[in-house]
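Colleague: Residue numbers (my numbering), protein chains in the order written: chain A, 913 to 1081; chain B, 281 to 965. Backbone N, C-alpha and C define an ideal beta-carbon position, used for all residues, glycine too. Remember, predicted model here, so these are calculated numbers, not experimental data. To start, I am sharing the structure in question, which I have written as structure tokens.
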């Protein structure tokens, strides 16, 4: 009885700490200022010099693209345009290639969906494998289980360990 | 020497061809002399490739500018130290270097098992020789590093000429790390050829049992360790050299190295299921096949110019050759699998969803999804152009968005997996093993939040890192306590004994701790700060707790470059902590320039200073200052990963104890039989 009481106390304290941790995540963050905005929007754009780097991270020596593009970005932001409009202006000027993530439309939507599809398909396959494994216990395995049940788990673990060591190179 | 190198490569090609044809006849006729002859031919291939490689290094060191490859990648002024990395600076040399590293592995395998496993080794020899043959075709006929420079004279007569000097080595490679990073990464890529060859050989030869896994376990771990070190050194090189303040930009070449690492990691985990329970046989074969194919695919990406990359130093039109080779490998694997799949039936079934087996399944699923996500992001620009005709970009924000949650799931499984028992885990055991670590993680999160860890992913990373560390620590402590109770030794020596008794298991835990450190380092990214300032002598700039004072701006002359250098004093509070010298070098031979970043690194943060060039308005130096927290933890994590792998590679210290314990007569305690067993709380891994 005492053990049950202390267990429930422990779980209560886990729950309280979890609640505090989750609640604290809901506190809103401060708004970003202008220079931070340039950094945030700059993350959505690529440098067009062909270095495959995000605009605010491209620092290639003598890069012909990043400095003028960053100036352009600062100019757009200083007019008070919304982030999406700034990005849209860049797309109009440079094409979809200026976006650091593929545009979420048409064929390019597949880029965003593929990892999710892979996860769902993989999960489906894993589930199928598990179901297959659990559906039919082969006769040989059944016999082995019966045999194993005659020995303690410790003895079996030790035998398995011994077998592993003996066959190890 | 160029003739010697060319001839050695040509002879190696002939010997490889013989090793394959002779090997096939040996397998068919079972003639022991033919088996030996094919094996010796395989070893001769290795020696000849090594000789060709040494001869190319000699040509670099002696400044032989009659060779086109030497002219392109070296110069008289290049320090001898950097004439070694010049070997892999270009297409031809890096392909030869690949052959060279592969030949070291192949020779080691053929020599180690020369009188063992007679039913398996002839198949292994044929497969290894086939892979070597492909690279020798490249080395001899497509991208020979020994080509002379020719000049067509009057009447169409070609005469060979020697250039007075070379074009020099690309500045990006003139760093000490570049002597270590590519060999490490290439050793990883080439190393996966060994488990691939054994797996395919076992499948074709229907080699019984899990022996091929036992045989290749150490080879796989060595390749995996090289790959890990190579990736981390590459990240460190990008951090210290490219000067953009970060270490991982999801560049296609970086991704190419990460993908086989992910599938290799999945393989290292899932083979345990086959070893312990005889399960996932098909899966393991395909994992190792895919890992090897990704290694080849990575080389295709790096070398073919298929995708834009800042790292692709040696692009050319060899892509179709590699794609063709990939096609052949896939066809061979598929055929072998279809023909012999009946031999891959599982011995056991899953007893419970809450078990080590299921955790490995999910670990494999997450690793494979990460790989698919990276692969699709890497090749999507190419696919999009094919299907829509429009060019698009896939940059770091896309990869981060997808891979950060995946990484956190993996981190969670890193803690959970090892503490679940094989077959099934009871609720009591779950509570016992996970209760305190979970509470510790949540408390760490609750402490971290007011300290400024407000970014959701960073906070989750802290919580999980503490959780995983505590689960692993509890495993060590629990085991050591049992040994201490039994042997009476102190806790520390019990801990060492415990680790050395099952190096594979506890080495694996150490690797997991290394991975946790890497994750902690990555989580610091959420707090990065940076600013760009123009500085003249006496100008001050502040970032975080640091004040930077410009002391001087001067020009210096190096052995093969001229440098512009800024001397900056870094102070924390009123105390000077370091002088930093960010510089920009201009190399005379190839008229290229390179950045030298100055870093003051502590466990807490890195003060990272880049001289970005002169202002076009007033000619003053522009300094880009970054404050990157916790970066050092990543490199520290890398060291721990290597130490853990080395530990796991060591043989168990006291196997005799296990045999003794198993053969000891049982003693009787209160009428019940008690067996004295070595300490293993959840199986041996």
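Hey, residue 326 (chain B) and residue 922 (chain B): beta-carbon distance below 8 Å or not?
Modeller: Stepping through the second chain from its first residue, residue 326 (chain B) is reached at position 46. Stepping through the second chain from its first residue, residue 922 (chain B) is reached at position 642. The answer is no: Cβ separation not under 8 Å.
Colleague: In terms of residues, what are the limits of the alpha helix (DSSP H) holding residue 350 (chain B)?
Modeller: The count along the second chain starts at 1 and reaches residue 350 (chain B) at position 70. Taken as a continuous stretch (DSSP letters only), the alpha helix (DSSP H) holding residue 350 (chain B) covers 348-353.
Colleague: Kindly give me the distance between the Cβ atoms of residue 543 (chain B) and residue 570 (chain B), rounded to whole angstroms, as I take these residues to be in contact under 8 Å.
Modeller: Position 263 of the second chain, counted from the start, is the residue given in the question as residue 543 (chain B). Position 290 of the second chain, counted from the start, is the residue given in the question as residue 570 (chain B). Right, their Cβ atoms sit about 5 Å apart.
Colleague: Hey, how far is the Cα of residue 759 (chain B) from the Cα of residue 932 (chain B)?
Modeller: Along the second chain, read from residue 1 onward, the residue named residue 759 (chain B) stands at position 479. Along the second chain, read from residue 1 onward, the residue named residue 932 (chain B) stands at position 652. About 16 Å.
Colleague: Expressed to the nearest angstrom, what Euclidean distance is found between the alpha-carbon atoms of residue 410 (chain B) and residue 612 (chain B)?
Modeller: By 1-based counting over the second chain, the position of residue 410 (chain B) is 130. By 1-based counting over the second chain, the position of residue 612 (chain B) is 332. Taking the straight line from one Cα to the other gives about 12 Å.
Colleague: Would you kindly work out how many angstroms separate the C-alpha atoms of residue 501 (chain B) and residue 785 (chain B), rounded to a whole number?
Modeller: To locate residue 501 (chain B), count along the second chain from 1; it is residue 221. To locate residue 785 (chain B), count along the second chain from 1; it is residue 505. If I take the Cα positions, the gap works out to 13 Å.
Colleague: Of the residues that make up the segment 645-671 of chain B, which ones have a beta carbon closer than 7 Å to any beta carbon in chain A?
Modeller: Hits within the stretch, in order: 645, 648, 649, 652, 653, 656, 657, 660, 664, 667, 668, 670 and 671.
Colleague: Return helix, strand or coil for residue 561 (chain B), following the three-state DSSP convention.
Modeller: Sequence index remark: in the second chain, residue 561 (chain B) carries index 281 (1-based). If DSSP states are grouped into helix, strand and coil, residue 561 (chain B) belongs with the helices.
Colleague: Which chain B residues are close to residue 1000 (chain A), counting only those with a beta carbon under 8 Å from its beta carbon?
Modeller: Taking the first residue of the first chain as position 1, residue 1000 (chain A) is located at position 88. Those within 8 Å of residue 1000 (chain A) in chain B number zero; the least Cβ separation is about 16 Å.
Colleague: For the segment 634-648 of chain B against the segment 1029-1040 of chain A, are there 3 or more C-beta pairs whose distance is under 8 Å?
Modeller: Yes, the segment 634-648 of chain B is in contact with the segment 1029-1040 of chain A.
Colleague: Please confirm if residue 678 (chain B) has its CB atom under 8 Å from at least one CB of chain A.
Modeller: In the second chain, the residue the question calls residue 678 (chain B) occupies position 398. Yes, residue 678 (chain B) counts as interfacial toward chain A.
Colleague: Quick one: what's got a C-beta closer than 7 Å to residue 375 (chain B)'s C-beta in the same chain, skipping five residues either side?
Modeller: Position 95 of the second chain holds residue 375 (chain B). Excluding sequence neighbours, residue 375 (chain B) sits near 415, 418, 419 and 423.
Colleague: Leaving aside the five residues before and after residue 413 (chain B) along the sequence, list all residues of the same chain whose C-beta is less than 8 Å from its C-beta, in chain order.
Modeller: The residue you call residue 413 (chain B) lines up with position 133 of the second chain. If we look at residue 413 (chain B) and ignore the five residues flanking it on each side, its Cβ neighbours are 293, 296, 297 and 300.
Colleague: Can you have a look at residue 583 (chain B) and say buried or exposed, based on whether 16 or more other CB atoms are within 10 angstroms of its CB?
Modeller: The residue given as residue 583 (chain B) occupies position 303 in the second chain. Buried is the call here.
Colleague: Between which two residues does the beta strand (DSSP E) containing residue 894 (chain B) stretch?
Modeller: To locate residue 894 (chain B), count along the second chain from 1; it is residue 614. Unbroken beta strand (DSSP E) run through residue 894 (chain B): 885-894.
Colleague: In chain B, which residues lie with their C-beta within 8 Å of the C-beta of residue 981 (chain A)?
Modeller: In the first chain, residue 981 (chain A) corresponds to position 69, counting from 1. Neighbours of residue 981 (chain A) on chain B: none; closest Cβ ~13 Å, over 8 Å.
Colleague: Give every residue of the same chain whose Cβ lies closer than 7 Å to the Cβ of residue 775 (chain B), excluding the five residues on either side of it in the sequence, and list them in chain order.
Modeller: Stepping through the second chain from its first residue, residue 775 (chain B) is reached at position 495. 756 and 760, listed in sequence order.
Colleague: Measuring from the CB of residue 897 (chain B), is there a heavy atom of the ligand SAH at a distance below 7 Å?
Modeller: In the structure on display, the ligand SAH does not appear, and there are no ligands present to speak of.
Colleague: Buried or exposed: where does residue 736 (chain B) fall if 16 or more other Cβ atoms within 10 Å of its Cβ makes it buried?
Modeller: Locating residue 736 (chain B) in the second chain gives position 456, counting from the first residue. Answer is exposed; the Cβ neighbour count stays below 16.
Colleague: Give the straight-line distance between the Cα atoms of residue 358 (chain B) and residue 367 (chain B), rounded to the nearest whole angstrom.
Modeller: The count along the second chain starts at 1 and reaches residue 358 (chain B) at position 78. The count along the second chain starts at 1 and reaches residue 367 (chain B) at position 87. Going from the Cα of residue 358 (chain B) to the Cα of residue 367 (chain B) covers about 13 Å.
Colleague: Report buried or exposed for residue 391 (chain B), applying the criterion of at least 16 other Cβ atoms within 10 angstroms of its Cβ.
Modeller: As a first step, residue 391 (chain B) must be located in the second chain, where it is residue number 111. When all chains shown are included, residue 391 (chain B) counts as exposed.
Colleague: Looking at the strands, I want to know which residues DSSP matches up with residue 832 (chain B).
Modeller: For the purposes of this step, residue 832 (chain B) is taken as residue 552 along the second chain, with counting starting at 1. B:847, per the DSSP bridge assignment.
Colleague: Am I right that residue 957 (chain A) and residue 1024 (chain A) are in contact with their C-beta atoms under 8 Å? What's the rounded C-beta distance?
Modeller: Counting from 1 along the first chain, the entry for residue 957 (chain A) is found at position 45. Counting from 1 along the first chain, the entry for residue 1024 (chain A) is found at position 112. Not a contact, Cβ separation roughly 18 Å.
Colleague: Which residue marks the beginning of the beta strand (DSSP E) containing residue 865 (chain B), and which one marks its end?
Modeller: For this step, residue 865 (chain B) is matched to residue 585 along the second chain. Run containing residue 865 (chain B): 863-867, per the beta strand (DSSP E) assignment.
Colleague: Where are the alpha helix (DSSP H) runs, 4 residues long or more, that stay fully inside the segment 980-1043 of chain A, in chain order?
Modeller: Counting only runs of 4 or more, we get 995-1006.
Colleague: Whose Cβ in chain A lies nearer than 7 Å to the Cβ of residue 682 (chain B)?
Modeller: For this step, residue 682 (chain B) is matched to residue 402 along the second chain. Correct list: 1027.
Colleague: Taking the straight line between their C-alpha atoms, what separation do you get for residue 916 (chain B) and residue 518 (chain B)?
Modeller: As a working note, residue 916 (chain B) is residue 636 in the second chain. As a working note, residue 518 (chain B) is residue 238 in the second chain. Roughly 17 Å separates the two Cα atoms.
Colleague: Would you verify that the beta carbon of residue 738 (chain B) is, or is not, closer than 8 Å to some beta carbon of chain A?
Modeller: Within the second chain, the letter at position 458 stands for residue 738 (chain B). Judged by the 8 Å Cβ criterion, residue 738 (chain B) is not in contact with chain A.
Colleague: Tell me the DSSP secondary structure of residue 424 (chain B) in three-state form.
Modeller: In the second chain, residue 424 (chain B) corresponds to position 144, counting from 1. In the structure shown, residue 424 (chain B) sits in coil (DSSP, three-state: anything other than H, G, I, E or B).
Colleague: So with Cβ pairs under 8 Å, would you call residue 673 (chain B) a contact of chain A?
Modeller: Residue mapping note: residue 673 (chain B) aligns to position 393 of the second chain, counting from 1. By this cut-off, residue 673 (chain B) is an interface position.
Colleague: Specify, as a first and last residue, the run of the alpha helix (DSSP H) that residue 411 (chain B) falls within.
Modeller: Here residue 411 (chain B) is taken as the residue at index 131 of the second chain, counted from 1. Segment 401-417, the alpha helix (DSSP H) holding residue 411 (chain B).
Colleague: Give the interface partners of residue 955 (chain A) over in chain B, defined as CB-CB distance under 7 Å, in chain order.
Modeller: Looking up residue 955 (chain A) in the first chain gives position 43. The answer, in chain order, is 677.
Colleague: Report the residue ranges of all alpha helix (DSSP H) runs contained in full by the segment 667-753 of chain B; include only those spanning at least 4 residues, in chain order.
Modeller: Runs of the alpha helix (DSSP H) inside the segment 667-753 of chain B: 676-696 and 707-728.
Colleague: Can you list the residues of chain A that residue 526 (chain B) reaches, using a CB-CB cut of under 8 Å?
Modeller: In the second chain, counting from the first residue as 1, residue 526 (chain B) sits at position 246. In chain order: 969.
Colleague: Under 8 Å, Cβ to Cβ, is there at least one residue of chain A near residue 291 (chain B)?
Modeller: Here the question's residue 291 (chain B) lines up with position 11 in the second chain. Answer no: the Cβ-Cβ gap between residue 291 (chain B) and chain A never drops below 8 Å.
Colleague: For residue 796 (chain B) and residue 497 (chain B), I'd like the C-alpha separation in whole angstroms.
Modeller: Walking along the second chain from the start, residue 796 (chain B) turns up at place 516. Walking along the second chain from the start, residue 497 (chain B) turns up at place 217. Approximately 23 Å between the Cα atoms of the pair.
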